Amino acid sequence: MLDLNEFVTFAAIVEAGSFSRAAERLDVSKALVSKRVAALEHTLGVKLLNRTTRKLGLTPAGAVFYERCQQLVSHADLARHELEHFRSTPGGLIKVSASIAFGRLHLVPAISRFLANHPDISVELELSEKFADLISGDADVIVRQAEEPRLMSLVARKLAPLRQIVCASPSYLARHAAPLRPDDLASHNCLVRTANPRNEWVFHDQDGARHAVRVQGNFKANNADGVLVATLQSLGIGAMPSMVAAEYVRSGKLVRLLSGYSLAPLVLYAAYLPNPTQPQCVQTFVNFLCAEFGDSPYWDKGLSFV
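Following this line, the structure appears as structure tokens:
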């Protein structure tokens, strides 16, 4: 198989006029230059250079080959420059995967602002509760809550905390007494996520004491949107990220409960493969998201947390 390094070395010898100057130009040893030329002549089955102690010249075959070699090296250099431009310029397509609730409420508006400032970039967004496979090419970037061990093989950037709050509708509370302590939830219809098979909500009070409560109810959903809508429909009490519930608390459509206790916060990450040749547009996008959200995300405005 032909080796491009051998082509480049041969062209450098002809242009530099000697093996020594070609080695300096390529920043390799003279022995390696000789080895590459010998390998190239062996592969092609012809002698390319006439070499004496004082003179270096092309054979007829070498002259023909050098002309083609120049074109090949030129095309290779052009391709390399184009790829370097591709890597350094924030343009191209970014495939993004995110959870349904966060994507709908916050990521799509953020992407709209991002694209307004980066007209050379396109985004293909998949909203799903499935954890996308970056290695198979399902996505370039995943944006979702996750535990750190699952992200160990990836470059994971923290975007924001996802604080959990407990809520019910005014209509539900008109029929049922509001819980004052976590233990009071045992007598309520609690709306839970299917990702929590133990149906256990773990609270901490202001002193750091732990309060674990087994809750029960007649409705489960696989994402925060489902729990939110069921809570708005007065079906029961829901625990959900503030990023989906905060606007309804501020508008009075939901009432926040047990605000003197905290549920363990989740963390929202943007993650991608640790690829040194990652297109610049991916890094630009993730940097934008980090600046867009942060440790005090806008959706928590007006809410206090223990």
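Our numbering applies: residue 1 is where the sequence shown begins, and numbers increase by one.
Where a beta carbon is used, it is the ideal one built from N, C-alpha and C, also for glycine.
In this text, all values refer to a predicted model and were calculated from it rather than measured experimentally.
Looking at C-alpha atoms only, which residue of V46, S234, A270 is the closest neighbour of L254?
-> Within the sequence shown, residue 254 is the residue found at index 254, counting from 1. It is S234 whose Cα lies nearest to the Cα of L254.
Does the beta-carbon of S169 have 16 or more other beta-carbons within 10 angstroms, so that it is buried, or is it exposed?
-> On the sequence shown, residue 169 is found 169 positions in, with the first residue counted as 1. Buried.
Please classify Y269: is it buried, with 16 or more other beta-carbons within 10 angstroms of its beta-carbon, or exposed?
-> Counted from its first residue, the sequence shown places residue 269 at position 269. The residue in question, Y269, is buried, as its Cβ has 16 or more Cβ neighbours within 10 Å.
Would you call T52 buried or exposed, if buried means 16 or more other Cβ atoms sit within 10 Å of its Cβ?
-> To locate residue 52, count along the sequence shown from 1; it is residue 52. By the 10 Å Cβ count, T52 comes out exposed.
Is it buried or exposed for E200, if we count other Cβ within 10 angstroms and need 16 for buried?
-> Within the sequence shown, residue 200 is the residue found at index 200, counting from 1. In summary, E200 is exposed, with fewer than 16 beta-carbon neighbours lying within 10 Å of its beta-carbon over all protein chains present.
In chain order, what residues of the same chain have a beta carbon less than 6 Å from the beta carbon of Q206, not counting five sequence neighbours either side?
-> Translated into the one-based positions of the sequence shown, residue 206 becomes position 206. Once the five neighbours on either side are set aside, the close Cβ partners of Q206 are V306.
Using the C-alpha atoms, what's the distance from A271 back to L154?
-> Within the sequence shown, residue 154 is the residue found at index 154, counting from 1. Within the sequence shown, residue 271 is the residue found at index 271, counting from 1. About 6 Å.
With 16 other CB atoms within 10 Å as the buried threshold, where does T194 fall?
-> By one-based count along the sequence shown, residue 194 stands at place 194. Exposed is the call here.
Use the C-beta contact count for V286: other C-beta atoms within 10 angstroms, 16 or more gives buried, fewer gives exposed.
-> Position 286 of the sequence shown holds residue 286. Its Cβ being crowded by 16 or more others within 10 Å, V286 is buried.
Is it right to say L258 is buried, meaning 16 or more other beta carbons lie within 10 angstroms of its own, or is it exposed?
-> For the purposes of this step, residue 258 is identified with residue 258 of the sequence shown, where counting begins at 1. Result: buried.
Just curious, the beta strand (DSSP E) that N287 is in, first and last residue?
-> Position 287 of the sequence shown holds residue 287. Here N287 belongs to no beta strand (DSSP E); instead the alpha helix (DSSP H) covers 280-292.
Could you give the distance in angstroms between the alpha-carbon of S262 and the alpha-carbon of S242?
-> The residue you call residue 262 lines up with position 262 of the sequence shown. The residue you call residue 242 lines up with position 242 of the sequence shown. Roughly 12 Å separates the two Cα atoms.
Where do the N-terminal and C-terminal ends of the alpha helix (DSSP H) with I13 fall, by residue?
-> For the purposes of this step, residue 13 is taken as the residue at position 13 of the sequence shown. First-last of the alpha helix (DSSP H) with I13: 4-16.
If you run the structure through DSSP and keep just helix, strand and coil, what is L154?
-> Against the sequence shown, residue 154 aligns to sequence position 154. Correct three-state label for L154: coil.
Along the chain, where does the alpha helix (DSSP H) that runs through E200 open and close?
-> What you label residue 200 is simply residue 200 of the sequence shown in a count that begins at 1. Taken as a continuous stretch (DSSP letters only), E200 belongs to no alpha helix (DSSP H), being part of the beta strand (DSSP E) at 200-204.
DSSP state of Y261 mapped onto helix, strand, coil = Here residue 261 refers to the residue found at position 261 of the sequence shown. Y261: coil per DSSP, three-state reduction.
A31 vs E6 beta-carbon contact at 8 Å | In the sequence shown, counting from the first residue as 1, residue 31 sits at position 31. In the sequence shown, counting from the first residue as 1, residue 6 sits at position 6. Not closer than 8 Å, so no.
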